[in-house]
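Below is one structure, written out as structure tokens; the observations come after it.
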Amino acid sequence: MSRARRITAAAILALFALQWAWHGWLAPPRTVAPWLLAAGFALPVLPAVVLVLRRNPRAGFWGAVAALPYFCHGVMLAWVDPDVRLLALAEGALAAVIVVGASWDGMRARFRRRPPPAPGL
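This is the structure in structure tokens:
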């Protein structure tokens with residue numbers, strides 16, 4: 001497993017844990033049961049968590065797909081709600097790490113320096 005995959009896997013697990021901690025303990029809602037909201041926010045990344053725990057190489061891809069709405073949510077809340085700004089920035093940062101980490105190996109292979117073609121070929 002490459003370093004990028006390990007970082008991506010750790011970020012997926014951290015994002016999952018952040019959702020439970022944020023909505024269930026650190027800033028619970030007043031109108032809905034905290035466990036229900038935490039489960040709802042953790043649900044989109046759950047397939048990626050299962051794939052990480054099974055060491056499936058597709059975990060990064062599915063984590064990156066799930067991370068895009070989390071990034072949008074984190075940026076939006078960081079902008080409008082000062083009470084949860086740090087949690088929202090952490091959510092956005094973890095989502096960005098997941099997307100970049102999942103893409104890193106492919107981008108590195110795509111832009112790797114190749115030797116110039118032999119003359120006359």
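Residue numbering for the sequence shown follows this note's numbering, starting at 1 and increasing by one per position. Every residue, glycine too, gets a C-beta built ideally from N, C-alpha and C.
Check: By a C-beta neighbour count over all protein chains shown, 10 Å radius and 16 as the cutoff for buried, is Phe41 buried or exposed?
Finding: Start at 1 with the first residue of the sequence shown, and residue 41 comes out as number 41. It is buried - the Cβ of Phe41 has at least 16 other Cβ atoms within 10 Å.
Note to self: Give me, in chain order, the residues of the same chain whose beta-carbon lies closer than 7 Å to that of Phe60; leave out the 5 immediate sequence neighbours on both sides.
What the structure shows: As a working note, residue 60 is residue 60 in the sequence shown. For the sequence presented, residue 60 should be read as Gly rather than Phe. Only Arg5, Thr8, Gly101, Ala102 meet the Cβ criterion.
Notebook entry, point to check: Roughly how many angstroms separate the alpha carbons of Ala67 and Ala10, rounded to a whole number?
Noted result: Counting from 1 along the sequence shown, the entry for residue 67 is found at position 67. Counting from 1 along the sequence shown, the entry for residue 10 is found at position 10. The alpha-carbon atoms of Ala67 and Ala10 are separated by roughly 13 Å.
Item checked: Leu37 versus Pro29 - alpha carbon distance -> Position 37 of the sequence shown, counting from 1, holds the residue named residue 37. Position 29 of the sequence shown, counting from 1, holds the residue named residue 29. So the alpha carbons of these two residues sit roughly 8 Å apart.
Notebook entry, point to check: In the structure shown, what three-state DSSP assignment does Pro34 receive?
Noted result: Position 34 of the sequence shown, counted from the start, is the residue given in the question as residue 34. Looking at Pro34 - three-state DSSP - the assignment turns out to be helix.
Notebook entry, point to check: Which residue comes first and which comes last in the alpha helix (DSSP H) that contains Trp25?
Noted result: As a position in the sequence shown, residue 25 is number 25, starting the count at 1. From DSSP, Trp25 is part of no alpha helix (DSSP H); its letter is neither H nor E.
Next item on the list: Quick one: residues in its chain with C-beta nearer than 8 Å to the C-beta of Pro69, no 5 flanking neighbours on either side, listed in chain order?
Entry: For the purposes of this step, residue 69 is identified with residue 69 of the sequence shown, where counting begins at 1. If you ignore the 5 residues before and after Pro69, its C-beta comes within less than 8 Å of the C-beta of Pro44, all in its own chain and listed in chain order.
Notebook entry, point to check: Between Leu77 and the rest of its own chain, which residues show a CB-CB distance below 7 Å, the 5 nearest in sequence each way excluded?
Noted result: Reading the sequence shown from its first residue, position 77 is the one you call residue 77. For Leu77, where only same-chain residues beyond five positions count, the Cβ hits under 7 Å are Val84, Ala88.
Checklist line | Range of the contiguous alpha helix (DSSP H) that encloses Met1 | finding: Residue numbering aside, residue 1 sits at position 1 when the sequence shown is read from its first letter. Neither: Met1 is in no alpha helix (DSSP H) and is coded neither H nor E.
Check: Gly92 to Arg113, Cα distance in whole Å?
Finding: In the sequence shown, the residue the question calls residue 92 occupies position 92. In the sequence shown, the residue the question calls residue 113 occupies position 113. Rounded to whole angstroms, Gly92 to Arg113 spans 32 Å at the Cα level.
Item checked: Among Met1, Val52, Phe111, the one whose alpha carbon lies nearest that of Phe16 -> Against the sequence shown, residue 16 aligns to sequence position 16. Check the Cα spacing between Phe16 and each of Met1, Val52, Phe111: the tightest is with Val52.
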